[in-house]
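Here's the structure we're looking at; comments come further down.
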Amino acid sequence: MVAGASRSTKSSVKAVAAKASGKGGSPAVTKAGSKSPARTVGAKTKSPAKSPAKAAAKAAPAAKKAPAAKKATPASREAAARAAAKEREAKAKATAAAKALREREAKAKAAAKEREAKAKAAAKEREAKAKAAAAAKALREREAKAKAAAKEREAKAKAAAAAKALREREAKAKAAAKEREIERRARERAAAEAKKQRELEAKRRAAEAERQRKLKEIERRNLEEQRRQERREAEERARQEELERKRNSRPYADDPEFLSLLRDRLLEERAKTLREIQVLEETIDELREDREQPEYDEEDGSSAGLDFDRDQYQTLVDQTLRPKIFDIDVALERVADGSYGRCDSCYEPIQRARLEFQVPVFLCQTCREAG
Ligand SMILES: [Zn+2]
Numbered sequence: 281m282v283a284g285a286s287r288s289t290k291s292s293v294k295a296v297a298a299k300a301s302g303k304g305g306s307p308a309v310t311k312a313g314s315k316s317p318a319r320t321v322g323a324k325t326k327s328p329a330k331s332p333a334k335a336a337a338k339a340a341p342a343a344k345k346a347p348a349a350k351k352a353t354p355a356s357r358e359a360a361a362r363a364a365a366k367e368r369e370a371k372a373k374a375t376a377a378a379k380a381l382r383e384r385e386a387k388a389k390a391a392a393k394e395r396e397a398k399a400k401a402a403a404k405e406r407e408a409k410a411k412a413a414a415a416a417k418a419l420r421e422r423e424a425k426a427k428a429a430a431k432e433r434e435a436k437a438k439a440a441a442a443a444k445a446l447r448e449r450e451a452k453a454k455a456a457a458k459e460r461e462i463e464r465r466a467r468e469r470a471a472a473e474a475k476k477q478r479e480l481e482a483k484r485r486a487a488e489a490e491r492q493r494k495l496k497e498i499e500r501r502n503l504e505e506q507r508r509q510e511r512r513e514a515e516e517r518a519r520q521e522e523l524e525r526k527r528n529s530r531p532y533a534d535d536p537e538f539l540s541l542l543r544d545r546l547l548e549e550r551a552k553t554l555r556e557i558q559v560l561e562e563t564i565d566e567l568r569e570d571r572e573q574p575e576y577d578e579e580d581g582s583s584a585g586l587d588f589d590r591d592q593y594q595t596l597v598d599q600t601l602r603p604k605i606f607d608i609d610v611a612l613e614r615v616a617d618g619s620y621g622r623c624d625s626c627y628e629p630i631q632r633a634r635l636e637f638q639v640p641v642f643l644c645q646t647c648r649e650a651g
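First residue of the sequence shown: 281, per our numbering; consecutive thereafter.
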C-alpha cells in the first residue's frame, strides 16, 4: 500500500511536470487523481499534499533555465519578451497548476477524508451490517435452532404421537387379538362341547341300539324258547295223548275169541291157585296141631323144623298165592272190558304167546326184562 501510494504520488508528479513542460496529458493527471484516493485510504503517514510542492520546486529550475539562453541576441527581445511572457505564462500556469494541484490535493484530501469518513461509515456500516448480519445470523441461527428445536419437538411430538398411536394401535390390536383369542377359545369350547355332545349322543344311540339289539335278541330268544316250549308242550301233549290212548288202549278188544281163551286160562289158573292155597292151609293147620301134641320133643329140634315149614307155607300163601288170586281177578276184570293184554309200563300190547304162556301177566317182555 505504501509502495502503491508512492507510485501514485510519483505519477501525479510526472503528470504535473508534463503539464508544466507543455506536453503532458491531462487525462493522466485525472486518472492519477481519481486513482490515488482509493490507493491512499490506508496511507495516512505520507500525505500526498507534500509531494506536489516538491514537484513544483523541481519543475521550477527547468523553467528558469530557458530565459538565460535568450540574452545572447538583443534583437530577439521580442522573442525574449515572448519567451518571458511565455515564462510568466508558464509560471502562472505553474502557479495555477500548483494552485489547481493544491486545490485538487485539498479536494483529494477532502475527498480522502470524505472517503475515509465514508470508508469509516462504510466500515461502521459494514460493521453494523456485519453485526446486524451476525445478529441476523445469530437470530437466524437461534431461529434455526428454535426452528430445529421446534422441528425436533414437533418430530418428537410426532414421534411421541406416532408412538402413542402405535401403542394405541398395538393395544387395540392386542385387545382385538385378545378378543379374537377369547372368541376363538369360546368357539373351540363350543366346538368341543358340541363334539362331546355328538359323541355322547352317538354313544347314547349306540347304547340304545345295543339295548334294542339285546332286547330283540332277548325277544327272539324268548320267542324261540316259547316256540321250543310250545313244541315241547305239544310233544308232551302228544305224548300224553299217546300215553292216554295207550293207557286206555284195548289191544285185543277186536279179538273176542282170544280174550275168551285168556279168560278160560285165567279162571283155570284161579281155580288151581285156590286149590293150592287150600292144600297149604290144611297142611299149616296140621302142622299146628302136631306142634300142640304133648309128646312132641322140643329138645331134638324137630319142632323147629316144623315151625319153619309152617311159616314157609303161610308166607307162600300170603305173599304169592293170595296176591295171585287178586291179580287174576284184576285180569279178569280187564278181560271183561277188553283192556287185558296191555303192558302196565309202556302200554304197548303184550305178545300173544306171552299172554297165553303166563297167567296173569301185566308187563311186556321188554319191560319185564328192563324192570
Ligand atoms: Zn311193556
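Don't be surprised by glycine CBs; every beta carbon is placed ideally from N, CA and C.
Item	Value
Backbone CA spacing between Q631 and L495 [nearest angstrom]	56 angstroms
Ligand 1 heavy atom lying under 6 angstroms from the CB of E628	yes
C-beta contact flag for L539 and Y532 at 7 angstroms	yes
C-beta atoms of D617 and F642 nearer than 7 angstroms	no
CB-CB length for I608 against L546, believed under 8 angstroms	5 angstroms
Cβ-based neighbour list, R527, same chain, cut-off 6 angstroms, excluding 5 preceding and 5 following	Y627
Near ligand 3: S625 beta-carbon under 6 angstroms from a heavy atom	Among the ligands in the structure shown, ligand 3 does not appear; only ligand 1 can be found there.
Residue burial classification, V615 (beta-carbon count within 10 angstroms, cutoff 16)	buried
Segment contact, 8 angstroms Cβ cut-off, at least three pairs: the segment 498–505 with the segment 584–599	no
For I564, the first and last residue of its enclosing alpha helix (DSSP H)	536–571
Check: L643 C-beta below 6 angstroms from any heavy atom of ligand 1	yes
Stretch pair the segment 505–512 + the segment 594–602: three plus CB contacts closer than 8 angstroms	no
Cβ-Cβ distance between Q594 and I564 below 7 angstroms	yes
Counted within 10 angstroms of its Cβ, other Cβ atoms place G621 as buried (16 or more) or exposed	buried
Range of the contiguous alpha helix (DSSP H) that encloses I608	602–617
Close-in-space but distant-in-sequence residues of the same chain around R543 (CB under 7 angstroms, 5 per side omitted)	L612, V615
Separation of P629 from D534, as counted between CA atoms	13 angstroms
Beta carbon of S619 nearer than 7 angstroms to that of R530	yes
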